[in-house]
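**Q** My questions all concern the structure below.
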Amino acid sequence: MSKRQRITVTLIGALFIALLPPMLSAEDSPSGDKLVSQIEASIGRSPFDFRLRIQLGIAYMDKDDLPHALQAFQEAVQLAPTSAEAHNWLGVALMGKGDLPDAIPELRKAVALEPKFARGFTNLGSALARSGETSQSIDAFQKALALEPENPSAQLNLALALREKGDLKGALLHLHHVVAAQPNNATIQYELGQTSRQAGDLSAAVFAFEKAAEINPELQEAYYGLGLALKQQSAAIARSASPVVPNQAVKRAQDKVANGDLNSARDDLLALIQADEKNAEAHVLLGFILGQQGQLEFAVNHLQRAVQLRPGSGDAHYNLGMALWYSGARDEAITELRESVRLDPALGAGHAFLGMALREKGDLTSARASLQRAIALLPPTTATYIDLAIVFLRVDQLDRALGQFEAGLNAPSEVPTPDWDGAITALRESLLNQALKTRRHSQHARFVAWTEGGQQIRSHRRVSRGAETSRRLRCRTQQSRFGFCAVGRRR
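Following this line, the structure appears as C-alpha cells:
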C-alpha cells in the first residue's frame with residue numbers, strides 16, 4: 119500500500135489525511151524525485167491542469183518537502199478557485215506547517231464548495247481540534263461520519279475529541295469501532311487503553327496496552343500506560359485487603375539484609391519466629407535469606423508457612439516461587455509466581471521472574487506478556503530486555519529481538535545477571551536459520567526481480583546487524599568473566 123493510499127492514525131489533533139487515489143497503476147508508479155520529474159513534465163505539457171499541481175504537491179509531501187508542496191497547492195487553488203480538493207490540500211499542507219489560522223479557512227472553503235466531502239470534514243475537524251476548538255471539531259467529525267460511517271480516521275478523531283470533552287462512554291464506543299476495523303494498529307490500541315483507564319476499566323486498559331506493546335514492542339507510551347494501569351489495579355486490591363501493621367523487629371532485620379549482614383538478620387528472625395511462630399513477614403524474610411545462602415529446602419519450608427499464614431501476600435508467593443524454581447520444582451514455582459502477580463499486579467519483579475520461567479518452559483506467548491509487564495513496571499534492566507529478546511528469537515522475529523537486545527545492552531542496570539549464554543545461543547540459531555532461508559531462496563531463483571533483490575539486501579543487513587549484536591553479547595559474557603572486552607564502533 120502506498121503512502122498516498124494509507125490512512126494514518128495518531129494522537130488527538132494529529133493530521134488525518136484521506137488522500138487522493140494514485141494516478142498511476144501500482145506497477146508503473148514511480149516514487150520520490152522520479153515521480154516529481156514526471157509530474158513536472160506533464161505540467162509542462164498541460165500548464166493549466168490544476169489536478170497535476172495537486173499531484174505534484176502530494177509527491178512533495180511524500181518527500182517531506184513541505185515548502186514545495188505548499189507552492190504546488192497554492193498554484194492549484196489559483197488555477198481552480200472553486201475546487202474543493204485544491205482548498206483541502208492547501209489546508210492540509212498549512213496544517214502540516216503549523217499554520218492553523220490559515221489552514222482552517224481553506225478547509226472550511228473545501229467543505230463549503232463540496233458539502234459531501236467527508237475527507238474535508240475530517241481534516242477540518244483535525245485542524246479545529248489542534249486549535250483547541252473541541253466542540254467544533256466534534257461537529258466536523260460527526261459530519262464526516264454521517265457521509266462515510268466506516269471512516270476510521272473520523273471515528274478515531276471523534277473518539278479522542280469526545281474524550282477531551284469528558285464523554286468517555288462515547289469515546290469508547292467509537293474506539294471499539296476503530297479497533298474492530300484495524301485490530302493490529304498499535305496506536306489505536308494505545309488510545310483504547312488510555313480511554314479505558316480513564317473510565318476506570320483497568321482490566322480492559324491492561325489488555326489494550328498489552329496488545330499495543332505486542333504489535334509494536336518499541337512503543338514506549340504503551341509500556342508507560344500499562345505500568346500505570348497495573349499500579350492502579352494493585353492499589354485497588356491493596357485498598358480492599360486487611361492492612362498489615364509493620365513489625366519493627368522485621369524492619370530491623372530488613373535493614374541488616376540491605377547492609378549485607380545476612381547472618382545477623384537470620385539469627386534475629388529465627389529468634390523472632392521462636393517467640394511468635396505466626397509472624398508471616400518474618401517467615402518471608404527468613405525464607406529469602408536462606409535462599410540467598412543456598413539453603414533452599416529450609417527456605418521453601420519458611421516461605422510455604424508464610425503463604426499459609428498470609429495467602430493474600432504477593433511477596434510471599436513470589437519468594438516461594440523463586441525458591442521452588444531453584445529447587446527444581448518448576449511447575450509449582452510457576453503456579454506461585456502467577457499467584458503473586460495476580461495478588462499484586464504491580465509486582466514487577468514477579469512478572470520478570472515469571473516471564474523467564476515461562477520462557478524456559480516453552481510458553482512463549484505468556485512469557486512475552488509477563489516480560490512486557492515487567493518492562494512497564496521496573497526501571498530499565500538488561501536481564502528483562504534480554505529475556506524478551508530470546509522469546510522473540512524463538513518465535514522467529516529477529517528484528518524485534520534485535521531491538522530488545524539493543525535496549526538491553528544500553529540499559530543502566532545488569533542486576534540481576536542477564537542470561538548472556540542463552541541470548542548468544544538463541545541469536546546464533548536465529549542467524550543460522552536466516553542464512554539457510556536466504557540460501558534456499560537463491561537456489562530456487564537464478565534471476566531475482568529488483569524488488570526481491572531489495573528484500574535480499576535487507577535480509578543481509580538484518581543478518582549483519584544480528585552478527586554485530588551477537589559479537590557485542592559475546593563481549594558482555596567475556597566482560598563478566600574477565601573484566602574487560604573491547605567493543606568496536608557499530609556501523
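What the sequence shown shows, in our numbering, is residues 119 to 609, in sequence order.
Think of the CB as a built atom: it goes at the ideal place given N, C-alpha and C, for glycine as much as any other residue.
Every value quoted in this text rests on a predicted model; they were computed, and no experiment measured them.
Could you check which residue in N419, A464, A541 and A202 has the C-alpha nearest to that of G432?
**A** Answer by Cα proximity: A464.
**Q** Would you mind reading off the limits of the alpha helix (DSSP H) that contains S253?
**A** From DSSP, the alpha helix (DSSP H) with S253 extends over T252 to L265.
**Q** Based on Cα-Cα distance, which residue from A541, T305, S314 and K479 lies nearest to L527?
**A** Nearest C-alpha to L527: A541.
**Q** Taking Cβ to Cβ, would you say Q316 is nearer than 8 Å to L293?
**A** No, these two residues do not count as a Cβ contact at 8 Å.
**Q** Looking at the structure shown, is T499 part of a helix, part of a strand, or coil, going by DSSP?
**A** Here T499 sits in strand by DSSP.
**Q** Relative to the alpha-carbon of T200, which residue among I222, P219 and A230 has its alpha-carbon at the smallest distance?
**A** The shortest C-alpha separation from T200 is found at A230.
**Q** Measure the beta-carbon distance from L506 to L489 and round it to whole angstroms, keeping in mind my assumption that it falls under 8 Å.
**A** Confirmed, Cβ separation roughly 4 Å.
**Q** Please state if the CB of L414 and the CB of S445 are separated by a distance shorter than 8 Å.
**A** Yes, Cβ-Cβ distance for S445 and L414 is below 8 Å.
**Q** Give the range of the alpha helix (DSSP H) segment to which P185 is assigned.
**A** Here the alpha helix (DSSP H) through P185 covers L184 to L197.
**Q** To the nearest angstrom, report how far apart L170 and G311 are at their CA atoms.
**A** Each residue's Cα considered, the two are about 42 Å apart.
**Q** Among all the DSSP beta bridges, which residues are the ones paired with L531?
**A** It is Ser, not Leu, that sits at residue 531 in the sequence shown. According to DSSP, which records beta bridges pairwise, S531 is partnered with T499.
**Q** Just to check my reading of the structure: V324 and A289 have Cβ atoms closer than 8 Å, yes? What is that Cβ distance to the nearest angstrom?
**A** 18 Å between Cβ atoms; not a contact.
**Q** How about L495 and S548: are their beta carbons less than 8 Å apart?
**A** In this structure, S548 does not lie closer than 8 Å to L495 by Cβ.
**Q** Counting contacts by CB-CB distance shorter than 8 Å, is I508 in contact with chain B?
**A** Among the protein chains of the structure shown there is no chain B, as only one such chain exists.
**Q** Ignoring anything shorter than 4 residues, give me the alpha helix (DSSP H) runs that lie fully in the segment 312-376, in order along the chain.
**A** Runs of the alpha helix (DSSP H) inside the segment 312-376: 320-333, 338-358 and 366-376.
**Q** Roughly how many whole angstroms lie between the Cα atoms of A544 and H469?
**A** Spanning the two alpha carbons is a distance of roughly 22 Å.
**Q** Can you list, in chain order, the residues of its chain with a C-beta nearer than 6 Å to that of A340? Leave out the 5 residues immediately preceding and following it.
**A** Around A340: Y308, F327, A330 and A331.
**Q** Considering only residues of the same chain and omitting the five flanking positions on each side of G480, which have a CB-CB separation below 8 Å?
**A** Here the set comprises nothing.
**Q** Among A475, R423 and S358, which has the Cα closest to the Cα of A447?
**A** With distances taken between Cα atoms, A447 lies closest to A475.
**Q** By Cβ distance, which residues of its chain are closer than 6 Å to R486, with the 5 residues on each side in sequence left out?
**A** These residues qualify, in order along the chain: V509.
**Q** Quick one: what does DSSP say R576 is sitting in, helix, strand or coil?
**A** Residue placement at R576 is flagged as unreliable, the pLDDT there being 39, under the threshold of 50; the coordinate-derived value follows with that caveat. R576: helix per DSSP, three-state reduction.
**Q** Quick check: what's the CA-CA separation for D449 versus K283?
**A** Cα to Cα, the separation comes out at about 49 Å.
**Q** Quick one: is the Cβ of A277 within less than 7 Å of any heavy atom of the ligand MN?
**A** Absence of the ligand MN is noted for the structure shown, with no ligands found whatsoever.
**Q** Hey, how far is the Cα of E268 from the Cα of I333?
**A** Straight-line Cα distance between these residues: approximately 23 Å.
**Q** Identify whether K396 lies in helix, strand or coil by the three-state DSSP scheme.
**A** Three-state result, K396: coil.
**Q** Starting from the Cα of F406, find the closest Cα among M440, A258 and D373 and give me that residue.
**A** That would be M440, whose Cα lies nearest to the Cα of F406.
**Q** Given H295, which residues of its chain have a CB within under 7 Å of its CB, disregarding the five upstream and five downstream residues?
**A** If we look at H295 and ignore the five residues flanking it on each side, its Cβ neighbours are Q273.
**Q** Taking its Cβ as the centre, do 16 or more other Cβ atoms sit within 10 Å of Y342, making it buried, or is it exposed?
**A** Per the 10 Å Cβ criterion, exposed.
**Q** Reducing DSSP to helix, strand and coil, say where N269 ends up.
**A** In this structure, N269 counts as coil in the three-state DSSP scheme.
**Q** Please determine, among V459, A367, D514 and L218, the residue with the shortest C-alpha to C-alpha distance to L482.
**A** Of the candidates V459, A367, D514 and L218, the one whose C-alpha sits nearest the C-alpha of L482 is D514.
**Q** Among V297, Y503 and G238, whose alpha-carbon lies nearest the alpha-carbon of P536?
**A** If we check each option's Cα against that of P536, Y503 comes out closest.
**Q** On the DSSP letters alone, give me the boundaries of the alpha helix (DSSP H) that A204 sits inside.
**A** First-last of the alpha helix (DSSP H) with A204: A202 to K215.
**Q** Could you tell me the alpha carbon to alpha carbon distance between L421 and P530, rounded to whole angstroms?
**A** In a straight line, the C-alpha of L421 is about 32 Å away from that of P530.
**Q** Quick one, which of G175, E232, A236 and F259 has its alpha-carbon nearest S244's?
**A** When only C-alpha atoms are compared, the closest one is F259.
**Q** Could you tell me the alpha carbon to alpha carbon distance between D217 and S321, rounded to whole angstroms?
**A** Approximately 40 Å between the Cα atoms of the pair.
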